[in-house]
Structures are given as structure tokens and as C-alpha cells.
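Heads up, the sequence shown is in the UniProt record's numbering, so the first residue is 1 and it goes up one at a time. Every residue gets a Cβ at the ideal spot worked out from N, C-alpha and C, and that includes glycine. Notes to accompany the following structure.
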Amino acid sequence: MEDAHARDIAAIEAAVVALRRTYKRRAPARLAARRGERPVRHGQLPDAVFELLDAIESSAARGETLTVSEAAAVLGVDQPRSSRLTAQALAAGLLRREADHHDGRRSLLALTPEGHDVLLRIRGFRRRVIAEATADWPDTDRATLARLLTRFVRDVDPG
Numbered sequence: 001m002e003d004a005h006a007r008d009i010a011a012i013e014a015a016v017v018a019l020r021r022t023y024k025r026r027a028p029a030r031l032a033a034r035r036g037e038r039p040v041r042h043g044q045l046p047d048a049v050f051e052l053l054d055a056i057e058s059s060a061a062r063g064e065t066l067t068v069s070e071a072a073a074v075l076g077v078d079q080p081r082s083s084r085l086t087a088q089a090l091a092a093g094l095l096r097r098e099a100d101h102h103d104g105r106r107s108l109l110a111l112t113p114e115g116h117d118v119l120l121r122i123r124g125f126r127r128r129v130i131a132e133a134t135a136d137w138p139d140t141d142r143a144t145l146a147r148l149l150t151r152f153v154r155d156v157d158p159g
């Protein structure tokens, strides 16, 4: 018989997998349709391009910059995949390259105003989905989830 600790770990793992699946592939389009909204898209770009934009914005918020190679490490993809994602985002006008003033050989990635706008729309959609899912929750439950989920993410990936 499984003990309570093992059951809790299994439940957390299952929830993480389900949550990841919800935000991957066609799930955002289904969520938008169910809510009577159009999904936030920018052409036919793959979801991984938006993950790249998120990573660049998160780094910038910490006062850091990313190169294509550093973005690959953050996203957990190989450098050629990161290069393809970067090329797609550049072609779509969502990213620009900037010279590194400390090392002229490095090229830094930065969001364009359009890239910022796309991320704001995506973030707004995700937040509306979360707000709707937790609308009937007591404020204390929502606050507890925010605190524990933030802690969990930090502890899973402290880097």
C-alpha cells in the first residue's frame, strides 16, 4: 500500500503533466474557442517561438541578456533548434539582434515592440484562463496556490 507521501508526489507529478499538456500544442486554441475568444497567434509560428520570447523577456526583467546559445540552454534545446526559433522570430519581427557592447563578437537577442505586444496578449489570455479556473475559489486558496506553485517552480529549477 502506498504511503501518503508517495501518493502526494504522484498527484503532483500527474498535475504537472496535465498542466503542461493544457498549455501545449492545440490546447490554447481549444481553451480560447471554449471561452469564445480567438487564440493569440502570430502567423504560423510554433509555440516554441513564444517560449523563446518568454525566456528573453524573463532574462531582461532580471537585467540579463541572452545569445542564441544561452537561449538554447534556457529552453533545453540544442543550439541549431535555438537558431531556427530565433530566425523565425526575427523574420516575424518579434525579435532583433543587438551588438554586445562588452564583446563585439556576441549578438544579443531583444524583443521588438511587436514581440512585447504579442507576449502581453498571450499573458493576458493565460491570466484570463487562470482567473476563470479559480473564480469560485476562496482568496486564501488562490493565494496558497500562487505561493506554493511559485516555490515549487523555484525549487525544481533553482537556476
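Exclusion of the five residues before and after L66 leaves A55, I56, S59, V74, L108, L109 as the residues of its chain whose Cβ lies within less than 8 Å of its Cβ. By the neighbour-count criterion, in which a residue is buried when 16 or more other Cβ atoms sit within 10 angstroms of its Cβ, A91 is exposed. The C-beta of V156 has fewer than 16 other C-beta atoms within 10 Å across all chains shown, which makes the residue exposed.
With the rule of 3 Cβ pairs closer than 8 Å, the segment 92-103 does not count as touching the segment 76-83. Relative to L19, the option among I130, L95, D103, V49 whose CA is nearest is I130.
The Cβ atoms of T134 and R142 sit closer than 7 Å to each other.
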